[in-house]
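Participant: The listed protein sequences correspond, in order, to chains H and W. Position in the first sequence counted from 1, then plus 2, gives you my numbering. Position in the second sequence counted from 1, then plus 2, gives you my numbering. Structure provided below as structure tokens; questions to follow.
Protein chains: 2
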Amino acid sequence: MLGIIRVLTHKDQEFVDMHGKTITSIYHIPTISRCIPDQYQGVHDEATKAKAIPKIVALARELEQYGAKALLISCAADPGLAEARAAVKIPVLGAGTCVAAIAQSLGTHVGVLNLTGTTPPSLRKVLGDAFFKEIAPQGIENTTQLQTPEGKAAAIAALRELETCCDVVALACTGFNTMGLAKEMRPLLSIPIVDPIEASGAIAKQLFLGDDENACFEK
Amino acid sequence: MLGIIRVLTHKDQEFVDMHGKTITSIYHIPTISRCIPDQYQGVHDEATKAKAIPKIVALARELEQYGAKALLISCAADPGLAEARAAVKIPVLGAGTCVAAIAQSLGTHVGVLNLTGTTPPSLRKVLGDAFFKEIAPQGIENTTQLQTPEGKAAAIAALRELETCCDVVALACTGFNTMGLAKEMRPLLSIPIVDPIEASGAIAKQLFLGDDENACFEK
Numbered sequence: 003m004l005g006i007i008r009v010l011t012h013k014d015q016e017f018v019d020m021h022g023k024t025i026t027s028i029y030h031i032p033t034i035s036r037c038i039p040d041q042y043q044g045v046h047d048e049a050t051k052a053k054a055i056p057k058i059v060a061l062a063r064e065l066e067q068y069g070a071k072a073l074l075i076s077c078a079a080d081p082g083l084a085e086a087r088a089a090v091k092i093p094v095l096g097a098g099t100c101v102a103a104i105a106q107s108l109g110t111h112v113g114v115l116n117l118t119g120t121t122p123p124s125l126r127k128v129l130g131d132a133f134f135k136e137i138a139p140q141g142i143e144n145t146t147q148l149q150t151p152e153g154k155a156a157a158i159a160a161l162r163e164l165e166t167c168c169d170v171v172a173l174a175c176t177g178f179n180t181m182g183l184a185k186e187m188r189p190l191l192s193i194p195i196v197d198p199i200e201a202s203g204a205i206a207k208q209l210f211l212g213d214d215e216n217a218c219f220e221k
Numbered sequence: 003m004l005g006i007i008r009v010l011t012h013k014d015q016e017f018v019d020m021h022g023k024t025i026t027s028i029y030h031i032p033t034i035s036r037c038i039p040d041q042y043q044g045v046h047d048e049a050t051k052a053k054a055i056p057k058i059v060a061l062a063r064e065l066e067q068y069g070a071k072a073l074l075i076s077c078a079a080d081p082g083l084a085e086a087r088a089a090v091k092i093p094v095l096g097a098g099t100c101v102a103a104i105a106q107s108l109g110t111h112v113g114v115l116n117l118t119g120t121t122p123p124s125l126r127k128v129l130g131d132a133f134f135k136e137i138a139p140q141g142i143e144n145t146t147q148l149q150t151p152e153g154k155a156a157a158i159a160a161l162r163e164l165e166t167c168c169d170v171v172a173l174a175c176t177g178f179n180t181m182g183l184a185k186e187m188r189p190l191l192s193i194p195i196v197d198p199i200e201a202s203g204a205i206a207k208q209l210f211l212g213d214d215e216n217a218c219f220e221k
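Below is the structure:
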């Protein structure tokens with residue numbers, strides 16, 4: 003079982019489970035998802051990141067206790083990744099590290115679609131000299147705004163701009179998964195799109211190879 | 003369809019198809035495999051690498067013409083990766099870049115199990131400061147020797163040494179896949195093992211998401 007730490011607060015467990023369901027449907031890994039308390043706008047700047055870290059560490063410990071075999075911090079800024087790794091004995095993945103790792107394997111000119119501002123440092127570090135261009139959708143301030151028609155139009159426009167100069171796009175916010183951006187745009191774009199949740203699932207899968215692939219469907 | 007370039011010569015097509023079959027069985031991606039001519043010992047030093055590169059580029063062009071949607075150079079030294087990317091329009095993956103990308107996402111102290119000598123530069127570059135230790139099985143000079151009882155014992159001994167100090171192991175030769183090392187040792191080792199073929203499949207999968215998952219079983 004992969005424990006998924008959602009780095010925003012949401013009262014609807016169905017919403018909280020969405021990233022886990024994506025991973026289960028593609029990679030047949032059973033997942034359990036929990037969200038941090040009292041951060042309804044998620045992590046979108048240094049202050050909200052600092053506030054989230056102790057909550058992420060607490061959830062990491064809780065999910066390890068619950069029996070998770072590995073953990074995913076489901077946020078492209080990888081908040082609390084080092085802290086969670088220090089706190090638990092199981093492998094901990096960060097969605098930012100994962101999307102960057104896969105994007106730089108697929109091309110040499112990686113375009114990064116951020117939520118706001120510049121590319122998160124952990125993602126940038128993994129991209130190395132494959133990093134080519136960064137952009138954020140116009141008028142977006144936090145992840146919940148991506149789920150509006152205006153947010154979607156702005157994200158697609160930004161993606162089209164990256165398409166003109168890059169050979170692969172990394173989506174640097176897990177909110178792009180929630181809005182289904184890669185799924186919708188993959189058939190329409192001329193270059194590969196790497197989604198942070200799909201990428202994290204691909205990497206987590208390496209830890210579950212050899213396990214009964216259908217175990218998650220039997221519960 | 004993923005085109006797989008085997009960087010050694012082998013007359014048995016069933017052997018040539020082995021890496022592709024691993025990828026198809028885990029990720030449901032259809033594959034086609036071809037091997038380079040006149041290199042029965044594969045690539046194991048600078049001279050054999052230089053000799054292989056034009057053959058790899060020729061195969062890349064051939065597989066693109068044949069209709070491959072992406073290519074994998076199935077060798078952890080990533081021979082001809084830049085040259086093949088320059089020669090074709092489809093994405094080209096290198097098994098070395100892929101195994102390194104996934105290993106550095108899973109841990110901070112990556113141990114590299116090489117075939118011989120030191121870690122290939124392309125793999126080392128991706129690992130960055132997550133690179134922690136490198137080792138090669140004693141008495142091994144080329145990939146075919148891995149398929150003997152002595153080769154297997156030497157590979158397992160080297161893996162056990164990495165286990166004592168690292169938090170993840172990257173297998174830096176696709177011959178370790180052929181011998182089934184990760185599959186056999188994963189349940190016995192206390193840290194994750196990343197296999198170059200399984201890792202390459204995980205990354206290639208990002209290019210096939212949205213395609214009919216069962217297409218490869220219908221042919």
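No residue lacks a Cβ here, since even glycine has one placed at the ideal position from N, Cα and C.
Could you pull out every unbroken beta strand (DSSP E) segment of at least 3 residues lying fully inside the segment 18-43 of chain W, listed in chain order?
Facilitator: Fully enclosed beta strand (DSSP E) runs of 3 or longer: 33-37.
Participant: First and last residue of the beta strand (DSSP E) that includes L2 (chain H)?
Facilitator: Any property of residue 2 (chain H) remains undetermined from this structure, which presents chain H solely from 3 to 221.
Participant: Spell out the partners DSSP gives N116 (chain H) in its beta bridges.
Facilitator: Numbered from its first residue, the first sequence carries residue 116 (chain H) at position 114. Answer is H:A174, bridged to N116 (chain H).
Participant: For S223 (chain W) and G98 (chain W), which I take to be in contact (beta-carbon distance under 8 angstroms), what is that distance rounded to the nearest angstrom?
Facilitator: The requested residue 223 (chain W) does not occur in the structure, where chain W is confined to residues 3 to 221.
Participant: Taking the alpha carbon of I25 (chain H) as the point to measure from, which residue in H:S202, H:Q67, H:L211 and H:E152 has its own alpha carbon closest?
Facilitator: Along the first sequence, one-based indexing puts residue 25 (chain H) at 23. Cα-wise, what sits closest to I25 (chain H) is H:S202.
Participant: Does the CB of L65 (chain W) have a neighbour CB from chain B at under 8 angstroms?
Facilitator: Considering every chain present, this structure includes no chain B. Its protein chains are H and W.
Participant: Pick from H:I205, H:A78 and H:I158: whose alpha carbon is nearest that of K185 (chain H)?
Facilitator: For this step, residue 185 (chain H) is matched to residue 183 along the first sequence. For K185 (chain H), the nearest C-alpha among the options comes from H:I158.
Participant: Given a cut-off of 8 angstroms, decide if I199 (chain H) and H21 (chain H) are closer than it, judged by their beta-carbon atoms.
Facilitator: Along the first sequence, read from residue 1 onward, the residue named residue 21 (chain H) stands at position 19. Along the first sequence, read from residue 1 onward, the residue named residue 199 (chain H) stands at position 197. Cβ atoms of H21 (chain H) and I199 (chain H): closer than 8 angstroms.
Participant: Can you look up E48 (chain H) in the DSSP assignment and give me helix, strand or coil?
Facilitator: Translated into positions along the first sequence, residue 48 (chain H) becomes position 46. Helix at E48 (chain H).
Participant: Please check if any C-beta of chain W sits within less than 8 angstroms of the C-beta of A155 (chain H).
Facilitator: Counting from one through the first sequence, the residue named residue 155 (chain H) turns up at place 153. Output row for A155 (chain H): interface = no.
Participant: Are the CB atoms of T120 (chain H) and E136 (chain H) nearer to each other than 8 angstroms?
Facilitator: For this step, residue 120 (chain H) is matched to residue 118 along the first sequence. For this step, residue 136 (chain H) is matched to residue 134 along the first sequence. Result yes, Cβ atoms of T120 (chain H) and E136 (chain H) sit closer than 8 angstroms.
Participant: For the segment 126-133 of chain W and the segment 93-109 of chain W, state whether three or more C-beta atom pairs, one from each stretch, are separated by less than 8 angstroms.
Facilitator: Verdict: yes, contact present.
Participant: Taking the beta strand (DSSP E) that I193 (chain H) falls in, what are its first and last residues?
Facilitator: Along the first sequence, read from residue 1 onward, the residue named residue 193 (chain H) stands at position 191. I193 (chain H) -> no beta strand (DSSP E), and no H or E assigned at all.
Participant: Output the boundary residues of the beta strand (DSSP E) element that contains K135 (chain W).
Facilitator: As a first step, residue 135 (chain W) is located in the second sequence; it is residue number 133 there, counting from the start. Element bounds for K135 (chain W): F133 to I137.
Participant: Quick one: list the residues of chain H neighbouring T99 (chain W), beta-carbon separation under 7 angstroms, in chain order.
Facilitator: Translated into positions along the second sequence, residue 99 (chain W) becomes position 97. Under the 7 angstroms cutoff, chain H gives S107.
Participant: Could one say the Cβ of E200 (chain W) lies closer than 8 angstroms to chain H's Cβ atoms, at least one of them?
Facilitator: Looking up residue 200 (chain W) in the second sequence gives position 198. So, interface residue.
Participant: Going by DSSP in three states, E153 (chain W) sits in which element: helix, strand or coil?
Facilitator: Within the second sequence, residue 153 (chain W) is the residue found at index 151, counting from 1. Note that residue 153 (chain W) corresponds to Gly in the displayed sequence, not to Glu. Three-state result, G153 (chain W): helix.
Participant: What number of angstroms, rounded off, separates the C-alpha of K53 (chain H) from the C-alpha of R188 (chain H)?
Facilitator: Along the first sequence, one-based indexing puts residue 53 (chain H) at 51. Along the first sequence, one-based indexing puts residue 188 (chain H) at 186. Roughly 35 angstroms separates the two Cα atoms.
Participant: Compare the Cα-Cα distances from M3 (chain W) to each of W:K23, W:E16 and W:L10 and report the closest residue.
Facilitator: On the second sequence, position 1 is the one that residue 3 (chain W) refers to. With distances taken between Cα atoms, M3 (chain W) lies closest to W:K23.
Participant: Keeping to the same chain, check which residues put their C-beta closer than 8 angstroms to that of K51 (chain W); ignore five residues upstream and five downstream.
Facilitator: As a first step, residue 51 (chain W) is located in the second sequence; it is residue number 49 there, counting from the start. These residues qualify, in order along the chain: V45, A79 and P81.
Participant: Shortest alpha-carbon distance to T180 (chain H) belongs to which of H:I92, H:T150, H:F134 and H:A49?
Facilitator: Indexing the first sequence from 1 puts residue 180 (chain H) at position 178. For the residues H:I92, H:T150, H:F134 and H:A49, the minimum Cα distance to T180 (chain H) belongs to H:T150.
Participant: Does the distance from the C-beta atom of L73 (chain H) to that of I7 (chain H) stay below 8 angstroms?
Facilitator: For the purposes of this step, residue 73 (chain H) is taken as residue 71 along the first sequence, with counting starting at 1. For the purposes of this step, residue 7 (chain H) is taken as residue 5 along the first sequence, with counting starting at 1. Their beta carbons are under 8 angstroms apart, which means L73 (chain H) touches I7 (chain H) by this criterion.
Participant: For A174 (chain H) and S192 (chain H), I'd like the C-alpha separation in whole angstroms.
Facilitator: Numbered from its first residue, the first sequence carries residue 174 (chain H) at position 172. Numbered from its first residue, the first sequence carries residue 192 (chain H) at position 190. Roughly 19 angstroms separates the two Cα atoms.
Participant: I think L183 (chain H) touches I205 (chain W), with their Cβ atoms under 8 angstroms apart; what is that distance to the nearest whole Å?
Facilitator: Mapped onto the first sequence, residue 183 (chain H) falls at position 181. Mapped onto the second sequence, residue 205 (chain W) falls at position 203. Contact doesn't hold; Cβ gap of about 20 angstroms is too wide.
Participant: DSSP puts G96 (chain W) in a beta bridge; with which residues?
Facilitator: Taking the second sequence and counting its residues from 1, the one referred to as residue 96 (chain W) is at position 94. For G96 (chain W), which the question treats as bridged, DSSP gives the partners W:I75.
Participant: How is G203 (chain H) classed by DSSP in three states: helix, strand or coil?
Facilitator: Within the first sequence, the letter at position 201 stands for residue 203 (chain H). DSSP places G203 (chain H) in helix when its eight states are reduced to three.
Participant: Give me the chain W residues within the contact set of V196 (chain H), using Cβ-Cβ distance strictly less than 7 angstroms, ordered along the chain.
Facilitator: Counted from its first residue, the first sequence places residue 196 (chain H) at position 194. The answer, in chain order, is Q208.
Participant: Thinking just about the alpha-carbon of each residue, which of H:I58, H:T176, H:L115 and H:V114 is nearest to the one in R87 (chain H)?
Facilitator: Mapped onto the first sequence, residue 87 (chain H) falls at position 85. Ranking H:I58, H:T176, H:L115 and H:V114 by Cα distance to R87 (chain H) puts H:I58 first.
Participant: Quick one: residues in its chain with C-beta nearer than 7 angstroms to the C-beta of I28 (chain H), no 5 flanking neighbours on either side, listed in chain order?
Facilitator: Walking along the first sequence from the start, residue 28 (chain H) turns up at place 26. Answer for I28 (chain H): E200 and G203, listed in chain order.
Participant: Is G212 (chain W) close to chain H, meaning its C-beta is less than 8 angstroms from at least one C-beta of that chain?
Facilitator: Along the second sequence, read from residue 1 onward, the residue named residue 212 (chain W) stands at position 210. Output row for G212 (chain W): interface = yes.
Participant: In the DSSP output, which residue or residues are listed as bridge partners for L4 (chain W)?
Facilitator: Residue numbering aside, residue 4 (chain W) sits at position 2 when the second sequence is read from its first letter. The partner list for L4 (chain W) (beta bridge, DSSP) reads W:T33 and W:A72.
Participant: Cβ of G130 (chain H) within 7 angstroms of any heavy atom in the ligand PLP?
Facilitator: Looking for the ligand PLP in the displayed structure turns up nothing, as the structure carries no ligands at all.
Participant: With a threshold of 8 angstroms between beta-carbons, can K71 (chain H) be considered close to chain W, or not?
Facilitator: Counted from its first residue, the first sequence places residue 71 (chain H) at position 69. Closer than 8 angstroms: no.
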